[in-house]
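First comes the structure, then the notes that go with it.
In my numbering, the protein residues as written are 6 to 322.
The structure is reproduced here in structure tokens:
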């Protein structure tokens, strides 16, 4: 019987041709499908033979387990698994894996791209020049400012290292303080979230979206921020209350925002799209050639491990 591996992630293998070969060598037959047809399960003829599913941002519905009784693994092409009900998968004996850290460098770099774009009003000034308007906007320097990092995992620490190169003071908020012995040379001070918000010129979010972090930054938190502060989110859109963010921007409570993620994707709508102090990118922080290649190979190796009866490296359940 064919061992079908459904791939709904459009970026899987895009920068690593050998990723497909890893799966095929393990006996899997890779079949690529679109997001819409996957989420609606308009792939009924494939499901009886499906043993593995690879997803990016595509949502995994409960029906999948019923219609693909031979499913053995759901592999996330990325780190965050908020689009997968891990508990439901566990109850059905389906392994869930992700690929943590493989795109951390890319996300950290994109974070700083957004910080600089907002601080120097890059998008708006670009539009003015293209429109024939030589209208200069005064930006702000990062040096000697304070960067507040919410979530001090692999990405947060990489952001901190880059902030040091910009001569910024670094604060971070995390459930567990980092061990200085494990990160020599990294100068960052652990503080509570309210203190971080009140003292930072730039706030950047790097935590997963969980029930306890939904709208982690709302009206109350935005009110704590310094006038003229910038907020950046390259993690998950649900971390910020977008209505509260819009109100803070309109009131001038904060200077601007850089957003790579949104509450609803990919159908982003609403006033944030037209706000001239918001820089937007389409959830691409982790998308570099090298990061996609690393991630694809890690995912392929986990799928191949399960197909071969071995324990995957990045098992979550």
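Built from N, CA and C at the ideal position, the CB exists for glycine as well. This one's a predicted model, so the numbers in the text were calculated from it and none came from an experiment.
beta-carbon residue i near the ligand FAD non-hydrogen atom, thresh 7 Å
i           : result
residue 269 : Here there are no bound small molecules, and the ligand FAD is not part of this structure.
Local conformation of residue i per DSSP, three classes
i           : result
residue 95  : helix
residue 8   : strand
residue 300 : helix
residue 100 : strand
residue 177 : strand
residue 194 : strand
residue 153 : strand
residue 37  : strand
residue 120 : helix
residue 44  : helix
residue 188 : coil
residue 275 : coil
residue 63  : coil
residue 216 : coil
residue 15  : coil
residue 182 : coil
residue 107 : coil
residue 200 : helix
residue 20  : coil
residue 160 : helix
residue 115 : helix
residue 295 : helix
residue 306 : helix
residue 231 : coil
residue 136 : coil
Outcome for residue i when other beta-carbon atoms lying within 10 angstroms are tallied against a minimum of 16
i           : result
residue 210 : buried
residue 317 : buried
residue 14  : buried
residue 307 : buried
residue 105 : buried
residue 206 : buried
residue 162 : buried
residue 299 : buried
residue 5   : Lying before the first or after the last residue shown, residue 5 is absent from the chain, which here runs from 6 to 322.
residue 263 : buried
residue 315 : exposed
residue 132 : exposed
residue 274 : exposed
residue 212 : buried
residue 113 : buried
residue 135 : exposed
residue 9   : buried
residue 269 : exposed
residue 193 : buried
residue 138 : exposed
residue 21  : buried
residue 291 : buried
Whole-angstrom C-beta distance between residue j and residue i, which should lie under 8 Å
i           : j           : result
residue 259 : residue 236 : 6 Å
residue 282 : residue 261 : 4 Å
residue 167 : residue 117 : 5 Å
residue 17  : residue 304 : 6 Å
residue 214 : residue 243 : 5 Å
residue 12  : residue 37  : 5 Å
residue 176 : residue 146 : Wrong, their Cβ atoms sit about 18 Å apart, outside the cutoff.
residue 239 : residue 265 : 4 Å
residue 309 : residue 59  : Incorrect: roughly 12 Å between the Cβ atoms, too far for contact.
residue 173 : residue 150 : 5 Å
Per DSSP, the bridge partner or partners of residue i
i           : result
residue 57  : 10, 78
residue 27  : Answer is none; residue 27 lacks a bridge partner.
residue 209 : 154, 237
residue 320 : 102
residue 391 : Residue coverage of the chain in this structure runs from 6 to 322, which leaves residue 391 outside it and unanswerable.
residue 346 : With the chain covering only 6 through 322, there is no way to say anything about residue 346.
Checklist entry - Contact between the stretch 92 to 102 and the stretch 122 to 130: three or more CB pairs below 8 Å? => result Here the stretch 92 to 102 makes no contact with the stretch 122 to 130; the two share fewer than three CB pairs at distances below 8 Å.
Next on the checklist: Counting beta carbon pairs with one atom in the stretch 63 to 78 and one in the stretch 270 to 284, are three or more of them shorter than 8 Å?
Outcome noted: Touching, no.
Checklist entry - If you pair each beta-carbon of the stretch 210 to 227 with each one of the stretch 248 to 257, do three or more pairs fall below 8 Å? => result Under the three-pair Cβ rule at 8 Å, the stretch 210 to 227 counts as touching the stretch 248 to 257.
Checklist entry - Should the stretch 73 to 80 be called in touch with the stretch 47 to 63, which here means at least 3 C-beta pairs below 8 Å? => result Touching, per the Cβ criterion.
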